[in-house]
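**Q** I'd like to ask you about the structure that follows.
There are 2 protein chains.
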Amino acid sequence: MKRPLFAFVCLFCLASVAAAQEIKFAPLGDFRLENGETIRDLQIGYRTVGTLNADKSNAILWPTWFTGTSAQLLGFVGPGKLLDSSKYFVILVDALGDGVTTSPSNSVDQPHMRFPELTIRDMVNAEYKLATERLGLKHLRAVIGISMGGMQTFQWMVSYPEFMDKAIPVVGSPKLTSYDLLLWTAEEHAIEADAAWNHGDYASMPVAGMRTAMDIHILNLTTPAYRVAQTPPDKFPAFLAQSEQDLMKSFDANDWIRQLQAMMAQDVSKPFAGSMEKAAAAVRAQVLVIPATQDHMVNPTPALNFARLLHAQTLELTSNCGHLSPGCEGKKMDSAIQEFLEK
Amino acid sequence: MKRPLFAFVCLFCLASVAAAQEIKFAPLGDFRLENGETIRDLQIGYRTVGTLNADKSNAILWPTWFTGTSAQLLGFVGPGKLLDSSKYFVILVDALGDGVTTSPSNSVDQPHMRFPELTIRDMVNAEYKLATERLGLKHLRAVIGISMGGMQTFQWMVSYPEFMDKAIPVVGSPKLTSYDLLLWTAEEHAIEADAAWNHGDYASMPVAGMRTAMDIHILNLTTPAYRVAQTPPDKFPAFLAQSEQDLMKSFDANDWIRQLQAMMAQDVSKPFAGSMEKAAAAVRAQVLVIPATQDHMVNPTPALNFARLLHAQTLELTSNCGHLSPGCEGKKMDSAIQEFLEK
């Protein structure tokens, strides 16, 4: 199985990721969100790879990136992969709203924008319930995640500090900057500007608005230098048409909006009256923070600031792949993560 | 009069630029475009500052940036300003489609999208006609321009190589990269996705689509680091609302589209069968190329490559203001330009 270049690239690549480890669904019942609303009959999707050892000390939880699915994470786990499945019991979790787990796109009772707004904390709370109530775990060796998975990782270490030995947020953030907010607002406005969107109750997909959102997404996934080097101007029309098509067929506009709103509301300091110092002081895990210094999709500044408060180890990815640096600098990243997990 | 921070910033700032030098209009009649179409009854707007000397050797022509007007350029000219009006006779020209010169927004015969598509070459041809036929000039001391004005400057030096001693393209480009094309395509798609757009024949402005286009524009005017440093997350909603409002009231969607298309088609090598080497070989002017290395709106690579072909002098602006670096590094830029003009 080919390891995906990374994250959103799975939305680009058409490499089919064979589902060696089948999807399972854990019914979590009516699930209360932090805004007081309820997801009715929550079915959380997940996959496990490897075997839980006798003392239940080798479990690693890995939640999905924005619009990603657990199937897309399978490429990181296995013999000779980032996470060796002969050592670890890896739980790949479909985050709330990803279209696999109960989401705006698949909920019968709460379809489209009738699906309540989500936060990253809600995602993490559901994952905690899955780990404890359904999988019977009392502790995790580690939580790891990329992008929105990295945001969940920051939230995990603050929300359930005693529950893990280690945490590895990759190109994630404990709180979004104004630049990130501008990016996601632009994508949200792009979809909402399409009359076919109709507040989520569309008869047919809001294709024009989604296309603009995809353009913005492609613009920010990497750096200008990367795009200039990869795509000569005469190849631009073909590149754009293919990228738009690949991205658009892989996502639902309602899911996109709800997960995007969850990212925009991300703030691990919220339960600490806005104090990042207090949020950091709550953390018990050993942490390896992996930002990408040229990231135009998840700004690295808040992750680096939080790492400083934690006195955490950091690994800076520096390539002009920007937010896709974990794919471009995979070897360097994998070694650092493997070493960190084993020490 | 306050010098505008720069370019698009005039779209932000509400500083009223007093029109010390009144707008004039030169009637150029029916103006033939390079695609074979005609702008009917072209009235080109311009302003002059300073006095033409006896041997007509001190004229500098400065065309507007994307969606900019000659009024916004007045802040660069005067005693103690970038261009000293006691030395130079400066002609500030409203480029085709800017809403002052005959444009989709003000043409009675060819309103909205019935206005023909434009190129940067068309803009330059109209400016040449203004300079020669209406102002009686046979030569220019220099052509200078910022952003789309810099694109016109690159075109001027190739189209009319003997007509100027010097050329100074600032954050301009001789041909757009795939990154630039992606940016402008996103803005174009944003406007077109709004049903109110109606192919340019709108009853009321396509506000939702324009808002998204403005978001994208604000996203790329500066760098992520600049936005993060300037706008704390809690100030983001106010920042965005103000920026969207300021930008939207200053532009017409039809003008935006036609000038945007002109930029996308920019390619000084077109009459040379795509050879930048041949285009560069045609240049006779002394050239000072001023790109911004962190520019996310007009990628600096093609300008730097063209400078290399010309063996031209370059001045790299390096601030995290990105495309707005000419404002942020004004002192450094002004000195270099003044010195270059005088030598």
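As you go down the protein sequences, you meet chains A and B in turn. Per the working numbering, residue 4 is the first one in the first sequence, and the count goes up by one each step. Per the working numbering, residue 4 is the first one in the second sequence, and the count goes up by one each step. Where is the CB? At the ideal position from N, CA and C, for every residue including glycine.
Against B/V292, what residues of chain A qualify as contacts under a CB-to-CB distance less than 9 Å, listed in chain order?
**A** By 1-based counting over the second sequence, the position of residue 292 of chain B is 289. Listed along the chain, the chain A residues whose CB falls inside 9 Å of the CB of B/V292 amount to none; the nearest CB is some 17 Å away.
**Q** Listed from N- to C-terminal order along the chain, which residues in the region 213-234 of chain B have their beta-carbon within a distance smaller than 7 Å of any beta-carbon of chain A?
**A** R214, T215, D218, I219, I221, L222, P227, R230, V231 and T234
**Q** Excluding the 5 residues flanking A/G203 on each side, which residues of the same chain have their C-beta closer than 6 Å to its C-beta?
**A** As a first step, residue 203 of chain A is located in the first sequence; it is residue number 200 there, counting from the start. Within the same chain, A/G203 has close Cβ partners H115, M116 and N257.
**Q** Quick one: what's got a C-beta closer than 7 Å to A/F275's C-beta in the same chain, skipping five residues either side?
**A** Residue 275 of chain A sits at position 272 when you count from the first residue of the first sequence. The residues are K281 and A282.
**Q** Tell me which residues share the same chain as B/L320 and place their Cβ nearer than 6 Å to its Cβ, disregarding the 5 neighbours each side in the sequence.
**A** As a working note, residue 320 of chain B is residue 317 in the second sequence. For B/L320, where only same-chain residues beyond five positions count, the Cβ hits under 6 Å are A295, S328 and E332.
**Q** Tell me the DSSP secondary structure of B/V286 in three-state form.
**A** Within the second sequence, numbered from 1, the residue matching residue 286 of chain B stands at position 283. Coil.
**Q** Using a beta-carbon distance cut-off of less than 8 Å, what residues from the region 325-340 of chain A approach chain B?
**A** none
**Q** Mapping DSSP to helix, strand and coil, what is A/I26?
**A** Taking the first residue of the first sequence as position 1, residue 26 of chain A is located at position 23. Of the three classes helix, strand and coil, the one that applies to A/I26 here is coil, per DSSP.
**Q** Output yes or no for whether 8 Å exceeds the beta carbon distance between B/I219 and B/V103.
**A** Start at 1 with the first residue of the second sequence, and residue 219 of chain B comes out as number 216. Start at 1 with the first residue of the second sequence, and residue 103 of chain B comes out as number 100. B/I219 is not a Cβ neighbour of B/V103, given a cutoff of 8 Å.
**Q** Looking at the ligand GTP, does it come within less than 7 Å of A/D337, judged from the CB to the closest heavy atom?
**A** Of ligands this structure carries none, so the ligand GTP is not represented either.
**Q** Using only alpha-carbon positions, find the residue among B/G212, B/V111, B/F118 and B/W65 that is nearest to B/F92.
**A** For the purposes of this step, residue 92 of chain B is taken as residue 89 along the second sequence, with counting starting at 1. Closest by alpha carbon: B/W65.
**Q** With 8 Å as the threshold, decide whether the Cβ of B/A196 is near any Cβ in chain A.
**A** Translated into the one-based positions of the second sequence, residue 196 of chain B becomes position 193. Contact with chain A is found for B/A196, since one of that chain's Cβ atoms lies less than 8 Å from the residue's Cβ.
**Q** Establish whether the CB of A/N201 and some CB of chain B are separated by less than 8 Å.
**A** Position 198 of the first sequence holds residue 201 of chain A. With a threshold of 8 Å between beta carbons, A/N201 makes no contact with chain B.
**Q** Buried or exposed: A/K178, going by 16 or more other Cβ atoms within 10 Å of its Cβ?
**A** Sequence index remark: in the first sequence, residue 178 of chain A carries index 175 (1-based). Counting Cβ neighbours within 10 Å, A/K178 comes out buried, since at least 16 surround it.
**Q** Take A/R287 and list the residues in its own chain whose beta-carbon comes closer than 6 Å to its own, dropping the five residues that flank it on each side.
**A** Here residue 287 of chain A is taken as the residue at index 284 of the first sequence, counted from 1. Cβ neighbours of A/R287 beyond the five flanking positions: P164 and E165.
**Q** Roughly how many angstroms lie between the CA atoms of B/E130 and A/A241, to the nearest whole one?
**A** Position 127 of the second sequence holds residue 130 of chain B. Position 238 of the first sequence holds residue 241 of chain A. The straight-line gap from Cα to Cα measures roughly 35 Å.
**Q** Taking Cβ positions only, does B/L320 come closer than 8 Å to chain A?
**A** Sequence index remark: in the second sequence, residue 320 of chain B carries index 317 (1-based). No, B/L320 does not count as interfacial toward chain A.
**Q** Could you name the residues of the same chain whose beta carbon sits closer than 6 Å to that of A/M126, not counting the 5 residues immediately before and after it, in chain order?
**A** Here the question's residue 126 of chain A lines up with position 123 in the first sequence. For A/M126, where only same-chain residues beyond five positions count, the Cβ hits under 6 Å are A98, L99 and Q155.
**Q** Is B/P303 helix, strand or coil by DSSP?
**A** Translated into the one-based positions of the second sequence, residue 303 of chain B becomes position 300. Of the three classes helix, strand and coil, the one that applies to B/P303 here is coil, per DSSP.
**Q** Output the boundary residues of the alpha helix (DSSP H) element that contains B/R230.
**A** Position 227 of the second sequence, counting from 1, holds the residue named residue 230 of chain B. Where B/R230 is concerned, the enclosing alpha helix (DSSP H) stretches over P227 to Q233.
**Q** For B/V127, does the three-state DSSP call read helix, strand or coil?
**A** In the second sequence, residue 127 of chain B corresponds to position 124, counting from 1. Annotated three-state conformation of B/V127 is helix, per DSSP.
**Q** Just tell me which of A/A199, A/D255, A/G175 and A/G325 has its CA closest to the CA of A/F309.
**A** Taking the first sequence and counting its residues from 1, one reaches residue 309 of chain A at position 306. Closest by C-alpha distance to A/F309, out of A/A199, A/D255, A/G175 and A/G325, is A/G175.
**Q** Within the same chain, show all residues whose beta-carbon is closer than 6 Å to that of A/G81, passing over the 5 residues directly before and after it, in chain order.
**A** Position 78 of the first sequence, counted from the first residue, corresponds to residue 81 of chain A. For A/G81, where only same-chain residues beyond five positions count, the Cβ hits under 6 Å are S88.
**Q** Quick one: Cα of A/L184 to Cα of A/N223, how far?
**A** To locate residue 184 of chain A, count along the first sequence from 1; it is residue 181. To locate residue 223 of chain A, count along the first sequence from 1; it is residue 220. Going by the C-alpha atoms only, they are around 13 Å apart.
**Q** DSSP three-state call for B/W65: helix, strand or coil?
**A** The residue given as residue 65 of chain B occupies position 62 in the second sequence. Strand at B/W65.
**Q** Please confirm if B/P236 has its CB atom under 8 Å from at least one CB of chain A.
**A** Numbered from its first residue, the second sequence carries residue 236 of chain B at position 233. Yes, B/P236 counts as interfacial toward chain A.
**Q** Just the chain A side, please: which residues come within less than 7 Å of B/Y182 by C-beta, in chain order?
**A** Position 179 of the second sequence, counted from the start, is the residue given in the question as residue 182 of chain B. In chain order: P227, R230 and V231.
**Q** Are the region 66-78 of chain B and the region 106-115 of chain B touching, with three or more C-beta to C-beta distances below 8 Å?
**A** no
**Q** Could you compute how far the alpha carbon of A/P209 sits from the alpha carbon of A/D249?
**A** Here residue 209 of chain A corresponds to residue number 206 of the first sequence, with the count starting at 1. Here residue 249 of chain A corresponds to residue number 246 of the first sequence, with the count starting at 1. So the two alpha carbons sit approximately 16 Å from each other.
**Q** Cβ of B/T304 less than 8 Å from any chain A Cβ?
**A** As a working mapping, residue 304 of chain B is identified with position 301 in the second sequence. Yes, contact with chain A.
**Q** I want to see whether chain B comes within less than 8 Å of A/A357, judged by CB atoms only; does it?
**A** Here chain A has residues from 4 to 346 only, and residue 357 of chain A is not among them.
**Q** Can you pull out the residues from the region 129-157 of chain B whose beta carbon lies closer than 7 Å to at least one beta carbon of chain A?
**A** none
**Q** At which residue ranges does the region 247-278 of chain B contain complete alpha helix (DSSP H) runs of 4 or more residues, listed in the order of the chain?
**A** 256-267
**Q** Using beta-carbon positions only, say whether A/A134 and A/I63 come within less than 8 Å of one another.
**A** Taking the first sequence and counting its residues from 1, one reaches residue 134 of chain A at position 131. Taking the first sequence and counting its residues from 1, one reaches residue 63 of chain A at position 60. No, Cβ-Cβ distance for A/A134 and A/I63 is not below 8 Å.
**Q** Taking the beta strand (DSSP E) that A/I3 falls in, what are its first and last residues?
**A** No information on residue 3 of chain A is available, as it lies outside the stretch 4 to 346 that chain A covers here.
**Q** Assuming B/S246 contacts B/M217 (C-beta within less than 8 Å), just tell me the rounded distance between them.
**A** Residue mapping note: residue 246 of chain B aligns to position 243 of the second sequence, counting from 1. Residue mapping note: residue 217 of chain B aligns to position 214 of the second sequence, counting from 1. So it is a contact: roughly 7 Å between Cβ atoms.
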